[in-house]
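Structure first, commentary second.
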Amino acid sequence: MEEKLKELKQRLQEINDLDMIGAVLNWDQSTYMPPGGAPARGRQMALVSRLSQEKFIDPAVGKLLDDLEPYADRLPDDSDEARLIRVTRREYERATKVPPEFLAQFNAHGSESYQVWIKARPENNFAAVRPYLEKTLELSRQYANFFPGYEHIIDPMIDMGDYGMKAASVRAVFADLRAELVPLVQAITAQEPADDRCLKQHFPEADQLAFAVDVIKAFGYDFERGRQDKTHHPFMTKFAFDDVRITTRVKENDLGDGMFSTFHESGHALYELNINRAYEGTPLGGGTSSGVHESSSRMWENIVGRSKPFWSHYYPKLQAVFPEQLKDVPLDTFYRAINKVQPSLIRTDADEVTYNLHVMIRFDLEMDLLEGKLAIKDLPEAWHARYESDLGLRAPSDVNGVLQDVHWYFGLIGGMFQGYTLGNIINGTWYATALESHPEIPADFAAGKFDTLRNWLTENVYQYGSKYTTNELLERVTGRPLNIEPYIRYLKTKYGELYEL
Ligand code: ZN
0 MEEKLKELKQ RLQEINDLDM IGAVLNWDQS TYMPPGGAPA RGRQMALVSR LSQEKFIDPA
60 VGKLLDDLEP YADRLPDDSD EARLIRVTRR EYERATKVPP EFLAQFNAHG SESYQVWIKA
120 RPENNFAAVR PYLEKTLELS RQYANFFPGY EHIIDPMIDM GDYGMKAASV RAVFADLRAE
180 LVPLVQAITA QEPADDRCLK QHFPEADQLA FAVDVIKAFG YDFERGRQDK THHPFMTKFA
240 FDDVRITTRV KENDLGDGMF STFHESGHAL YELNINRAYE GTPLGGGTSS GVHESSSRMW
300 ENIVGRSKPF WSHYYPKLQA VFPEQLKDVP LDTFYRAINK VQPSLIRTDA DEVTYNLHVM
360 IRFDLEMDLL EGKLAIKDLP EAWHARYESD LGLRAPSDVN GVLQDVHWYF GLIGGMFQGY
420 TLGNIINGTW YATALESHPE IPADFAAGKF DTLRNWLTEN VYQYGSKYTT NELLERVTGR
480 PLNIEPYIRY LKTKYGELYE L
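Below you can see the structure in the form of structure tokens.
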């Protein structure tokens, strides 16, 4: 059995290496590659991804898993080896259900539709993307049907990012959250909006970058094991256990944009950098779900990076970097500016409180599309109608409507949005639980110290990689399943004080 496990690990390491090679190609394309490289790069990335897929769905992998199953059953359920065998089995089952021809067709369609969207978006041309979206919807339904027996057609898509979550559970949690958020947003927006003009001055790029890098070093992002480069749409990527990179973008007329994006991506990286090293090169060696990944990115972006104690330490430093711009802006004004709540049209610019409403709109529309209740041709209007009813705003065009997010224009419809809000809910849970054992955490932030929180996250969440599912992690840490209460309490406390509710 030890021989077989060794062989399985060797094969998994090679597959993982191919995936990481693909990540390098993708990172280069998004950062430094000249436009001329695009056609060859597309071909090269497709090749690497096909090789990885072929290696993984090799029947020899299935045979090894079959042979190892009785061995895994004899091990304690909690052992790393038993978990490795089970998680690999789960991924293997999923991968082998989808025919390679479908994947090839889907990937080709995805890159074509992405190219069309890139052009259609600035032109406000929904008609151009409509046939591609129709095809995407059809392919998404086909994909779901490779997994017969689902409760809801969106479940196989949710499963990819947030294994163990289902339409029914997500819907129920979102309904509860919505019931709390809508009155909170109403109470806040009934008041004078915060003045955020202090953020909209000129802030030179180099100074912005240097300040944010100092902060994420203090968070624990290790530049011996990572680096930051510029891109259009920031992301985190991983090439190896000791090479986890982030990207950012900077707007010189908006201080918050690049800074919070850097904090956010560093939170994704901290998760990956603190996984048990022994899991490297196996399916246990990455974050367990989009929800838990977002719980980490949003922890460092929002719960830490938009908190009063954090800024009581860092604001004088920021003022020293930008004396002209900020010398006359009191901490309180700045703190209110970075936490301004205002219903808006664009998800990625939304504040902590209204953000989840944007996600719910997309999630509901995805379900309606997949269920056949909504046709693609009616999607732009359905989008506007939901923004009017949920946020009280109507976009003047589809650019700030249905054309704004990239997700549907390169991937499946379904499964990609719920993780953002699950992440918000979960980070509230982690934070409340960490505070119970370490009430000193906010005082640490005020002293520029973040190791108590980071170590708590490593001990309870990060180190396990994909060993436990989202639900298992929640049960282990809190003794109960996903629950919105700590997150709602966090929002109500913070914004109650900010807005004197
Ligand atoms: Zn993220």
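In numbering that gives the first Met the number 0, the protein residues as written are 0 to 500.
Think of the CB as a built atom: it goes at the ideal place given N, C-alpha and C, for glycine as much as any other residue.
- Beta bridge pairing from DSSP links A239 with D242.
- For Q200, no alpha helix (DSSP H) segment is defined, and its DSSP state is neither H nor E.
- For D228, the enclosing beta strand (DSSP E) stretches over residues 227-229.
- The residue from K307, D242, K493 with its alpha-carbon nearest to that of V23 is D242.
- Annotation: the stretch 115-153 contains the following complete segments of the alpha helix (DSSP H) (minimum length 4 residues), in chain order: 125-143.
- Relative to the ligand ZN, the beta carbon of S436 is positioned no closer than 7 Å to any heavy atom.
- If you look at G478, you'll find it isn't in any alpha helix (DSSP H); DSSP assigns it neither H nor E.
- Counting along the chain, the unbroken alpha helix (DSSP H) around T428 starts and ends at 417-436.
- In terms of Cα proximity to C197, the closest of N144, T135, Y314 is Y314.
- Rounded to whole angstroms, the separation of the alpha carbons of L254 and E323 is 14 Å.
- The continuous alpha helix (DSSP H) containing M19 extends over residues 1-30.
- The continuous alpha helix (DSSP H) containing R453 extends over residues 450-459.
- Annotated three-state conformation of D253 is strand, per DSSP.
- Spanning the alpha carbons of L378 and E365 requires a straight line of approximately 10 Å.
- Across the set V291, G304, L456, Y270, the C-alpha of G304 shows the shortest separation from the C-alpha of M258.
- E293 has its CB nearer than 7 Å to a heavy atom of the ligand ZN.
- When the five nearest sequence neighbours on each side are left out, the beta carbons in the same chain lying within less than 6 Å of the beta carbon of D175 are those of I483, in order along the chain.
- By the Cβ test, the stretch 149-158 is not in contact with the stretch 426-437, since fewer than three Cβ pairs between them sit closer than 8 Å.
- Within the same chain, and ignoring the five residues on either side of N355 in sequence, the residues whose Cβ sits closer than 7 Å to its Cβ are L176, L180, T420, N423.
- Between the ligand ZN and the CB of H267, the shortest heavy atom gap is smaller than 7 Å.
- Judged by DSSP secondary structure, P58 falls within the alpha helix (DSSP H) whose first and last residues are 58-73.
- Between the ligand ZN and the CB of H232, the shortest heavy atom gap is not smaller than 7 Å.
- Residues of the same chain with a CB within less than 8 Å of the CB of Q28, apart from the 5 flanking positions on each side, are G36, A37, R40, M44 in chain order.
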